[in-house]
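Asker: Here it is, the structure in full.
Number of protein chains: 2
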Amino acid sequence: MSTIPKIVILGAGYGGILTAQRLQKELNYNEADVTLVNRHDYHYFTTHLHMPAAGTDSIEHTRVSISKLIDEFKIDLVKSNVQEIRLSDKKVVLQDGTLSYDYLVIALGGEPESFGIPGLSEYAMTIRSINSVRLIRQHIEYQFALFKADESRTDRLNFVVGGAGFSGIEFVAELADRIPKLCKEYDVDPNMVNVYNVEAAPTVLPGFDPELVDYAMDVLRKKGVQFKIGVAIKECTPDGVLLATGEEIKSATVIWTGGIRGNRLVEAAGFETARGRVKVDDYLRAPGYDNVFIIGDNSLMFNPEGRPYPPTAQIAMQQGVTCAQNVVSAIRGKEMKKFVFSNKGTVASLGKGEAIASAFGKKYKGWVAAQLKKLVDIRYLFTIGGIPLVLKKGRFL
Amino acid sequence: MSTIPKIVILGAGYGGILTAQRLQKELNYNEADVTLVNRHDYHYFTTHLHMPAAGTDSIEHTRVSISKLIDEFKIDLVKSNVQEIRLSDKKVVLQDGTLSYDYLVIALGGEPESFGIPGLSEYAMTIRSINSVRLIRQHIEYQFALFKADESRTDRLNFVVGGAGFSGIEFVAELADRIPKLCKEYDVDPNMVNVYNVEAAPTVLPGFDPELVDYAMDVLRKKGVQFKIGVAIKECTPDGVLLATGEEIKSATVIWTGGIRGNRLVEAAGFETARGRVKVDDYLRAPGYDNVFIIGDNSLMFNPEGRPYPPTAQIAMQQGVTCAQNVVSAIRGKEMKKFVFSNKGTVASLGKGEAIASAFGKKYKGWVAAQLKKLVDIRYLFTIGGIPLVLKKGRFL
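If you read the protein sequences in the order shown, they are chains A and B.
Read left to right, the first sequence gives residues 1 to 397 (the UniProt record's numbering).
Read left to right, the second sequence gives residues 1 to 397 (the UniProt record's numbering).
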C-alpha cells in the first residue's frame with residue numbers, strides 16, 4: 001500500500017463520471033490517487049441512446065471523450081475491460097493488467113435482463129451501448145435494402161420492440177418517426193411496415209400517471225405503433241417472436257428493452273445479489289466492505305415506501321455525488337453522509353416534439369414536456385461539461 | 001391491329017430513353033402509338049451507380065423519374081416486368097398484362113455474367129440497379145456495425161471486388177474513398193480494413209492506354225487498394241473467395257463486376273445469341289425480324305477491326321438515336337440509316353478528384369480527367385433533361 005490511498009472507480013457512466021468529477025474537485029493535491037477504468041475512451045448518454053439506435057440523431061450527439069470531462073493530471077484514465085473484482089485481495093483484474101485499491105467505487109453498467117425467455121439473448125438486440133445502437137440502426141436500414149432486393153420478404157418490414165418501459169417507449173417513438181424517412185429513401189409503401197410494441201405488464205410506462213400513459217399511447221398509435229400490452233413474449237426465434245397468446249410475429253428485427261439486471265461481475269465478486277444488484281447501506285457501501293461503494297445499475301436501494309428505486313440516470317448521478325463525498329470523508333476520517341434520493345421528476349420522450357413529464361407534482365404533455373426533456377439533457381451536459389459541452393453536443397431543434 | 005402502328009420499347013435505360021425521346025420528337029400527331037415499358041418508374045444513370053453503391057453519393061443523384069423525361073401525352077408509360085417476348089405473335093407478356101406491337105425496340109438491360117464461377121450468383125453482390133446498390137451500400141456499412149459488436153470477426157473488414165474493368169475500377173476507387181469515413185464513424189483502425197481488387201485478366205481496364213493504366217493503379221494503390229491481377233476467382237463461398245492461386249480471402253462482402261451478358265428474355269425469345277447478345281444488322285434489326293430492333297446491352301455489333309463493341313452507355317445512346325430514326329423511316333416507308341459508332345472518348349473515374357481519359361486521340365489524367373468525367377455526366381443530363389435536370393441532379397463538387 002502506497003502512502004496515499006488509492007481510489008479506483010469502475011465505469012464512466014452517469015455514476016462513475018460524477019464520482020470522478022467530484023473527487024477531482026474535492027481532493028487536495030496528493031491526498032489520494034484516483035483511477036477511472038472504462039471499456040471505452042468515451043462516456044455516453046444512455047438516456048439518449050434510443051435516438052441514434054433509431055437513426056434520428058447521430059452517435060456524436062450521444063457521447064463525449066472522457067478526457068474532455070476529467071483532468072488527466074488529477075485522475076488516471078485506464079481504458080480496459082474489467083475481468084474480475086477480487087474483494088479479498090483489494091484488486092481489480094483488467095483485460096491487460098491488475099489494479100489494487102484502498103477504496104473501490106463500482107459504477108459498472110447493468111446488463112439486459114431476459115427473464116429466461118428462450119432465444120432472446122441470441123436473436124434480439126438491446127439498446128445498451130454505442131456499439132449496440134450502431135448495430136441496431138444499421139440492421140434496421142439493412143432490412144429495407146434487403147426487402148427491395150427480394151420483395152417477397154415482407155417480414156423484413158416488421159419491427160418488434162419488446163418492453164414498454166422507458167427505453168421501449170422512447171425507442172419505439174423514434175423508430176416510428178424514422179420509418180417514413182426510410183420508406184421514402186427506399187421507395188417502400190409505409191403501409192407495408194409494421195412497428196409492434198409488446199409488453200407483458202398490463203400497462204406501458206408503469207409508474208407514470210394513467211392520464212399521461214393514455215396520452216403517450218395515443219401519440220404513438222397515431223405514429224403507427226401497434227401495441228400488444230399484457231402479452232408476454234414466449235420465445236424469440238430467428239424468424240421473429242412467439243407470443244403467449246399463440247400469435248407469431250414474423251420479423252428479422254427484435255429489439256429487447258424489457259429491463260436490466262446488475263452486472264455479472266458484481267455477482268461473481270461474491271456479493272449477495274437480487275437480480276444482480278447489491279443492497280447497499282445508507283452510505284452506498286456494500287455489505288461487509290466499508291471500502292467498497294456501489295452506485296448506479298448495480299446498487300439496490302429502497303424508497304420510504306419500501307419499494308426499490310428503478311435504476312435511472314438521475315439516481316446514479318445523485319449517488320455519484322454522495323459517493324465522492326463519502327470516499328473523501330472516509331479518507332479524512334470524517335463522518336459520512338446518508339444518501340437521500342431527491343426526485344426531480346421524470347420525462348419520457350415520444351419522438352419529435354412530443355413527450356410526457358411529471359415534475360414538482362405536476363403533469364406535462366406535448367410540446368411543453370418535450371422542452372422539459374431538452375432542458376434535462378442540456379442540464380446534464382452542463383453539469384458534466386459546462387457550456388462548451390452544451391454547445392457541442394446539445395440539440396437545439 | 002389498330003389503324004396506326006404500335007411501337008413498344010422495352011426498357012428505359014440509356015438506349016430506351018433516347019429512343020423514346022427521339023420518337024416523341026420525330027413522330028407526327030397520331031402517326032404511331034408509342035409505349036415505353038420499364039420495371040421502375042425511374043430511369044437511372046448506370047455509369048453513376050458505383051458512387052451510391054460505395055455510399056459516396058446519394059441515390060437521388062443517380063436516378064430521375066421517367067415522367068420528367070418523356071411527355072406522357074405522347075408516350076404511354078407502363079411500369080411492369082417483362083415476362084416473355086413472343087415474336088411469332090408480336091406480343092410482349094408483362095407481369096400484369098400483354099402488349100401487342102408492330103415495331104418492337106428491345107432495350108432491356110443485361111445481366112451479370114458469372115462465367116460459371118461456383119457460388120458467385122449466390123454469395124456475391126452486383127452493381128446493376130438502384131436496389132442492388134442500396135443493398136451494397138447498406139451491406140458494407142452493416143459490416144462495420146457488426147464488427148464493432150464482435151471484434152474477433154476481422155474478416156468483416158475485408159472487401160473483395162471481383163473484376164477490374166470499368167465498373168470494378170470505378171467502384172473500388174469510391175470504396176477506397178469511403179473507407180476512411182466509415183472507419184471514423186465506427187472507431188475502426190483503417191489499417192484493419194482490406195480492399196482487394198481481383199482480376200483474372202493480365203491487366204486492369206483492358207483497352208486503356210498502358211500509361212494511363214499504370215497511373216490508375218498507382219492512384220488506387222495509394223488509396224489502399226490491394227490488387228490481385230492475373231488471378232482468377234475459383235469459387236465464391238459464404239466465407240469469402242478462393243483464388244486460383246490457392247489463396248483464400250475471408251470476406252463477408254464480395255462485389256462482382258466481372259462482366260455482363262445479354263438479358264435472358266432475349267435468349268428465351270428464340271434469337272440466336274452469343275453470351276445472351278444478338279448480332280444485329282447495320283440498321284439495328286434482329287436477324288429475321290425487320291420490325292424488331294435490339295439496342296444496348298443485348299445487341300452485338302463489331303467494329304471495323306472485327307472486334308465486338310463493349311456494351312457502354314455511349315453506344316446505347318447513339319443506337320437509341322439511330323433506332324428511333326429507323327423506326328420512323330420504317331413507318332414512313334423511307335430508307336433506313338446504317339448505325340455507325342462515333343467514339344467520343346472514354347473516361348474512368350478513380351474517386352474524388354482523380355480520373356483517366358482518352359478522348360480525341362489524347363490522354364488525360366488527374367484533375368483534368370476528373371473534370372472531363374463531370375462534363376460527360378452533365379452532358380448526358382442535358383441531353384435527356386435539359387438544364388433543369390443538370391441543375392437538379394448534377395454534382396458540382
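Note that CB positions come from ideal geometry on N, CA and C, so glycine has one too.
1) Find the residues of chain B that neighbour residue 303 of chain A, judging by a C-beta separation of less than 9 Å, and give them in chain order.
2) Under 8 Å, Cβ to Cβ, is there at least one residue of chain B near residue 9 of chain A?
3) Which runs of the beta strand (DSSP E) fall wholly inside the segment 133-214 of chain A and span at least 3 residues, in chain order?
4) Can you pull the DSSP bridge partners for residue 289 of chain A?
5) Report the CB separation of residue 270 of chain B from residue 111 of chain B in whole angstroms; it is logged as a contact under 8 Å.
6) Tell me, please, whether the CB atom of residue 50 of chain A is closer than 8 Å to any CB atom in chain B?
7) Any C-beta of chain A sitting closer than 8 Å to the C-beta of residue 393 of chain B?
8) Give a yes or no on contact between the segment 118-138 of chain B and the segment 102-120 of chain A, applying the rule of three or more CB pairs nearer than 8 Å.
9) I need the DSSP call for residue 40 of chain A, collapsed to helix, strand or coil.
10) Terminal residues of the continuous alpha helix (DSSP H) containing residue 382 of chain A?
11) If residue 105 of chain A sits next to residue 164 of chain A, beta carbons under 8 Å apart, how far is it from one beta carbon to the other, in whole angstroms?
12) Going by beta carbon distance, what residues of the same chain come within less than 8 Å of residue 386 of chain A, once the five residues before and after it are set aside?
13) Is there contact here, the segment 310-319 of chain B with the segment 339-359 of chain B, by at least three beta-carbon pairs under 8 Å?
14) Can you give me, in chain order, the residues of the segment 134-149 of chain A that have a beta carbon less than 8 Å from any beta carbon in chain D?
15) Which residues in chain A sit within 7 Å of residue 131 of chain B, going by Cβ to Cβ distance?
16) Quick one: what's got a C-beta closer than 8 Å to residue 377 of chain A's C-beta in the same chain, skipping five residues either side?
17) Return no unless some Cβ of chain B is closer than 8 Å to the Cβ of residue 309 of chain A.
18) Can we count residue 249 of chain B as close to the ligand FMN, meaning its CB is less than 7 Å from some heavy atom?
19) Can you find at least 3 beta carbon pairs, one from the segment 67-87 of chain B and one from the segment 16-27 of chain B, that sit closer than 8 Å?
20) Cβ of residue 186 of chain A less than 8 Å from any chain B Cβ?
21) I need the straight-line Cα distance from residue 397 of chain B to residue 143 of chain B, nearest angstrom please.
22) Touching or not, the segment 290-298 of chain B and the segment 196-203 of chain B, by the rule of three or more beta carbon pairs under 8 Å?
23) Could you tell me the alpha carbon to alpha carbon distance between residue 313 of chain B and residue 7 of chain B, rounded to whole angstroms?
24) With DSSP as the reference, label residue 301 of chain A as helix, strand or coil.
25) Can you check whether the CB of residue 301 of chain A is closer than 8 Å to the CB of residue 308 of chain A?
26) Can at least three beta-carbon pairs, one atom from the segment 145-156 of chain A and one from the segment 134-154 of chain B, be found at a separation below 8 Å?
27) Thinking just about the alpha-carbon of each residue, which of B/390, B/253, B/283 and B/348 is nearest to the one in residue 330 of chain B?
28) For residue 5 of chain A, which option in A/345, A/346 and A/291 has the closest C-alpha, if you only look at C-alpha atoms?
29) Considering only the beta carbon of each residue, do residue 12 of chain B and residue 66 of chain B sit closer than 8 Å?
30) State the Cα-Cα distance for the pair residue 218 of chain A and residue 154 of chain A, rounded to the nearest angstrom.
31) In the DSSP assignment, the beta strand (DSSP E) including residue 309 of chain A goes from what residue to what residue?
32) So residue 349 of chain B and residue 173 of chain B are supposed to be a Cβ contact under 8 Å. How far apart are they, rounded?
33) Consult DSSP for residue 127 of chain B and reduce its assignment to one of helix, strand or coil.
34) Which word fits residue 192 of chain A, buried or exposed, when buried means at least 16 other C-beta atoms lie within 10 angstroms of its C-beta?
35) Going by DSSP, what residue range makes up the beta strand (DSSP E) through residue 69 of chain B?
Answerer: According to the structure shown:
1) As a working mapping, residue 303 of chain A is identified with position 303 in the first sequence. Chain B residues near residue 303 of chain A: none, gap ~36 Å exceeds 9 Å.
2) Along the first sequence, one-based indexing puts residue 9 of chain A at 9. False, the Cβ-Cβ gap to chain B never drops below 8 Å.
3) DSSP runs (the beta strand (DSSP E)) wholly in the segment 133-214 of chain A: 158-162 and 194-199.
4) Translated into positions along the first sequence, residue 289 of chain A becomes position 289. DSSP lists A/286 as partners of residue 289 of chain A.
5) As a first step, residue 270 of chain B is located in the second sequence; it is residue number 270 there, counting from the start. As a first step, residue 111 of chain B is located in the second sequence; it is residue number 111 there, counting from the start. Contact flag wrong, Cβ pair sits at about 18 Å.
6) For this step, residue 50 of chain A is matched to residue 50 along the first sequence. Not an interface residue.
7) For the purposes of this step, residue 393 of chain B is taken as residue 393 along the second sequence, with counting starting at 1. So, not an interface residue.
8) By the Cβ criterion, the segment 118-138 of chain B is not in contact with the segment 102-120 of chain A, since fewer than three pairs of Cβ atoms, one from each stretch, lie closer than 8 Å.
9) The residue given as residue 40 of chain A occupies position 40 in the first sequence. Reduced to three states, the DSSP call for residue 40 of chain A is coil.
10) Counting from one through the first sequence, the residue named residue 382 of chain A turns up at place 382. Counted as a single uninterrupted DSSP element, the alpha helix (DSSP H) harbouring residue 382 of chain A occupies residues 367-393.
11) Your numbering for residue 105 of chain A matches position 105 in the first sequence. Your numbering for residue 164 of chain A matches position 164 in the first sequence. In fact, because the Cβ distance is near 33 Å, the residues do not count as touching under 8 Å.
12) Walking along the first sequence from the start, residue 386 of chain A turns up at place 386. The beta carbon of residue 386 of chain A is closer than 8 Å to none in its chain, skipping five residues each way along the sequence.
13) Short answer: they touch.
14) Among the protein chains of the structure shown, namely A and B, there is no chain D.
15) As a first step, residue 131 of chain B must be located in the second sequence, where it is residue number 131. Those are 148 and 149, listed as they occur along chain A.
16) Your numbering for residue 377 of chain A matches position 377 in the first sequence. So the list reads 45, 47, 48, 394 and 395, once near-sequence residues are dropped.
17) For this step, residue 309 of chain A is matched to residue 309 along the first sequence. With its beta carbon at least 8 Å from every one in chain B, residue 309 of chain A lies outside the interface.
18) In terms of ligand content, the structure shown is empty, and the ligand FMN therefore cannot be addressed.
19) The segment 67-87 of chain B is in contact with the segment 16-27 of chain B.
20) Indexing the first sequence from 1 puts residue 186 of chain A at position 186. At least one chain B Cβ lies under 8 Å of residue 186 of chain A.
21) Position 397 of the second sequence, counted from the start, is the residue given in the question as residue 397 of chain B. Position 143 of the second sequence, counted from the start, is the residue given in the question as residue 143 of chain B. With a pLDDT of 40 at residue 397 of chain B, under the threshold of 50, the predicted position of this residue should be treated as unreliable, though the coordinate-derived value follows. Cα atoms of residue 397 of chain B and residue 143 of chain B: separation of roughly 29 Å, rounded to the nearest angstrom.
22) Verdict: no, contact absent.
23) Within the second sequence, residue 313 of chain B is the residue found at index 313, counting from 1. Within the second sequence, residue 7 of chain B is the residue found at index 7, counting from 1. One C-alpha to the other measures close to 23 Å.
24) For this step, residue 301 of chain A is matched to residue 301 along the first sequence. Residue 301 of chain A: coil per DSSP, three-state reduction.
25) The count along the first sequence starts at 1 and reaches residue 308 of chain A at position 308. The count along the first sequence starts at 1 and reaches residue 301 of chain A at position 301. Remark: C-beta atoms of residue 308 of chain A and residue 301 of chain A approach each other more closely than 8 Å.
26) Yes: the two stretches touch, three or more of their Cβ pairs being nearer than 8 Å.
27) Here residue 330 of chain B refers to the residue found at position 330 of the second sequence. Here the closest residue by C-alpha is B/283.
28) Numbered from its first residue, the first sequence carries residue 5 of chain A at position 5. Comparing Cα-Cα distances from residue 5 of chain A to each of A/345, A/346 and A/291, the minimum goes to A/291.
29) Position 12 of the second sequence, counted from the start, is the residue given in the question as residue 12 of chain B. Position 66 of the second sequence, counted from the start, is the residue given in the question as residue 66 of chain B. Yes; because the gap between Cβ atoms is below 8 Å, this pair is in contact.
30) For the purposes of this step, residue 218 of chain A is taken as the residue at position 218 of the first sequence. For the purposes of this step, residue 154 of chain A is taken as the residue at position 154 of the first sequence. In this structure, the CA atom of residue 218 of chain A is about 26 Å from the CA atom of residue 154 of chain A.
31) As a first step, residue 309 of chain A must be located in the first sequence, where it is residue number 309. For residue 309 of chain A, there is no enclosing beta strand (DSSP E), as DSSP gives it neither H nor E.
32) Numbered from 1 along the second sequence, position 349 holds the residue referred to as residue 349 of chain B. Numbered from 1 along the second sequence, position 173 holds the residue referred to as residue 173 of chain B. The Cβ separation is near 6 Å, so the contact holds.
33) In the second sequence, counting from the first residue as 1, residue 127 of chain B sits at position 127. Coil at residue 127 of chain B, not helix or strand.
34) For the purposes of this step, residue 192 of chain A is identified with residue 192 of the first sequence, where counting begins at 1. It is exposed - the Cβ of residue 192 of chain A has fewer than 16 other Cβ atoms within 10 Å.
35) Within the second sequence, residue 69 of chain B is the residue found at index 69, counting from 1. No beta strand (DSSP E) holds residue 69 of chain B; DSSP gives it neither H nor E.
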